[in-house]
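Chemist: Mind looking over this structure? Questions follow.
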Amino acid sequence: MFKIDVFCHIFPPRYWQAMTKQIAGSAYMQKRVRGIQALHDLDHRFRLMEPYEGYVQVLSLAAPPLEALGEPTVARELARLANEGMADLCQAYPDRFVGFVASLPMNDPDAAVEEARYAIDELGATGVQIYTNVNGAPLDQPIYEPLFAFMAERDLPIWVHPSREPEVADYRTEDRSKYDIWWCFGWPYETSVFMARMVFWGLFDRYPNIKIVTHHMGGMVPYFEGRVGWGLDSLGKRTDDPEDLAARERLRERPYEYFRRFYADTALFGALPATECGLAFFGAERVLFATDFPFDPRGGGLFIGETIRVVENITASREDKERIFFGNAQRLLRLRLPR
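Counting from 1 along the sequence shown, just add 462 to a position and that's the residue number in our numbering.
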């Protein structure tokens, strides 16, 4: 059985060189990514992949976001290096890498659409990756709508990766988030906030066929089903803000129904109960196999096996497990699998 890892990360060689020159090693996520060999060493990466029969990857860049690395000119140059580099890797190693997800310079919204067009039409990208915010700014703004419209028109997925920096403090009296709380709890929160903003922006009403893949099983959303369900049915009754009061009335369906239109992945670090919860919320037809490779305590050698173990042991039919392992990805991404 094929196992298509749809949310795993890499740094192509030319991008890796340019990125590491661009910012200091202490900057956002740099200490973490610089210490993971499999992000940039293909021989090491292949050794980690080898034990798992039928295991193939869809490539995407790791954090930090391009827009966090520099001004729009820098982000545009890095995006082109990354996308051409990932396309080259897919062409060189089709038995390992069955597709890639384009990175975009989101601090230049017009250029982001053009880069998406180039990556899909010229390089064969299977979709695009964005983050839950653009240097702290929300995405439910008119300047970003052309990108969503373009992806809906092409009927290819948008991958959404969480982003939150240590400088975003957990308390107003402090100047940083301590003990990796910004990552452990902040990233699932960021994903959930992004999803809510898309729902109340009316994105799914304007683009009913849009496909958005949320990393780490939709953040907090499946585990707060009651709050996004019955709880958000009461939107507008907790505050007097006119925007809140009007938001619920704009939607054609309950907020709950829109939350269930997102797709989600299994990158939950080997947590079986959490995977069961997400599967129950989104349904097997909207869950895709992913490991977050190579971000585990062993530099990539742990979460592949752990995530395979979890999917093999969830309460689901064989047909649903096949959908999760490869069927959903093959359908959404229009992939041709190696023989």
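Cβ atoms here follow ideal geometry from the backbone N, Cα and C, with glycine treated the same way.
Thinking C-alpha only, which one of ASP557, ASP572, ASN597 is nearest ALA525?
Modeler: ASN597
Chemist: If you check the beta carbons only, do GLY547 and ARG616 fall under 8 Å apart?
Modeler: No; because the gap between Cβ atoms is not below 8 Å, this pair is not in contact.
Chemist: Residue ranges of each beta strand (DSSP E) run of no fewer than 3 residues wholly in the region 618-697, ordered along the chain?
Modeler: 620-623, 674-676
Chemist: Identify the continuous beta strand (DSSP E) that holds LEU795 and give its terminal residues.
Modeler: Per DSSP, LEU795 belongs to no beta strand (DSSP E); it is in the alpha helix (DSSP H), 790-795.
Chemist: So, helix, strand or coil for ALA524, using DSSP?
Modeler: coil
Chemist: Taking only runs that begin and end inside the region 518-598, name each unbroken alpha helix (DSSP H) of 4 or more residues, in chain order.
Modeler: DSSP assignment within the region 518-598 yields the following whole alpha helix (DSSP H) runs of 4 residues or more, N-terminal first: 534-554, 571-583.
Chemist: Let me confirm a value: TYR633 is counted as buried when at least 16 other C-beta atoms fall within 10 Å, else exposed. Which label applies?
Modeler: Exposed, since its Cβ has fewer than 16 Cβ neighbours within 10 Å.
Chemist: On the three-pair Cβ rule with 8 Å, is the region 636-645 touching the region 691-706?
Modeler: no
Chemist: In this structure, does DSSP put ILE466 in helix, strand or coil?
Modeler: strand
Chemist: Considering ALA736, what are the terminal residues of the beta strand (DSSP E) in which it resides?
Modeler: Element bounds for ALA736: not the beta strand (DSSP E) but the alpha helix (DSSP H), 734-744.
Chemist: Starting from ASP706, follow the alpha helix (DSSP H) in both directions and report where the run begins and ends.
Modeler: 704-712
Chemist: DSSP three-state call for TYR718: helix, strand or coil?
Modeler: helix
Chemist: What is the rounded straight-line gap between the Cα of PRO556 and the Cα of PRO759?
Modeler: Spanning the two alpha carbons is a distance of roughly 28 Å.
Chemist: Do you know how far the Cα of VAL690 is from the Cα of TRP663?
Modeler: 15 Å
Chemist: Spatial neighbours of TYR514 within its chain, please: C-beta separation below 8 Å, excluding the five flanking residues on both sides.
Modeler: LYS465, ILE766, GLY767, ILE770
Chemist: Below 8 Å between beta carbons: does that hold for PHE666 and LEU601?
Modeler: no
Chemist: Once DSSP output is grouped into helix, strand and coil, what is the label at ALA726?
Modeler: strand
Chemist: Can you tell me where the alpha helix (DSSP H) holding PHE612 begins and where it ends?
Modeler: 607-616
Chemist: So who's on the other strand from HIS471, going by DSSP bridges?
Modeler: SER522
Chemist: TRP692: buried (16+ other C-beta within 10 angstroms of its C-beta) or exposed?
Modeler: exposed
Chemist: When the Cα of MET682 is compared with those of LEU585, TRP649, PRO534, LYS699, which residue comes out closest?
Modeler: TRP649
Chemist: Let's see if you can read the secondary structure: which residues bound the alpha helix (DSSP H) around LEU502?
Modeler: The displayed chain sequence assigns His, not Leu, to residue 502. No alpha helix (DSSP H) contains HIS502, which DSSP labels as neither H nor E.
Chemist: Using 8 Å for Cβ pairs, my map puts ALA726 next to MET679. What's the rounded Cβ distance?
Modeler: 5 Å between Cβ atoms; contact.
Chemist: Please say whether LEU566 and LEU521 have beta carbons closer to each other than 8 Å?
Modeler: no
Chemist: Of the residues ILE592, TYR651, GLN499, GLU584, which one's Cα is nearest the Cα of ALA537?
Modeler: It is ILE592.
Chemist: Measure the C-alpha to C-alpha separation of LEU797 and TYR580 and round it to an integer number of angstroms.
Modeler: 19 Å
Chemist: Does the distance from the C-beta atom of ALA742 to that of VAL468 stay below 8 Å?
Modeler: no
Chemist: By a C-beta neighbour count over all protein chains shown, 10 Å radius and 16 as the cutoff for buried, is ARG793 buried or exposed?
Modeler: exposed
Chemist: In the DSSP assignment, find the alpha helix (DSSP H) that holds LYS783 and state where it starts and stops.
Modeler: 780-784
Chemist: Give a yes or no on whether the C-beta atoms belonging to THR728 and GLU652 are separated by under 8 Å.
Modeler: no
Chemist: DSSP has LEU510 in a bridge; who is on the other side?
Modeler: Answer is none; LEU510 lacks a bridge partner.
Chemist: Buried or exposed, going by whether 16 or more other CB atoms sit within 10 Å of the CB of THR676?
Modeler: Here THR676 is buried, its C-beta having at least 16 other C-beta atoms within 10 Å.
Chemist: Would you call the CB atoms of GLY586 and LEU618 closer than 8 Å?
Modeler: no
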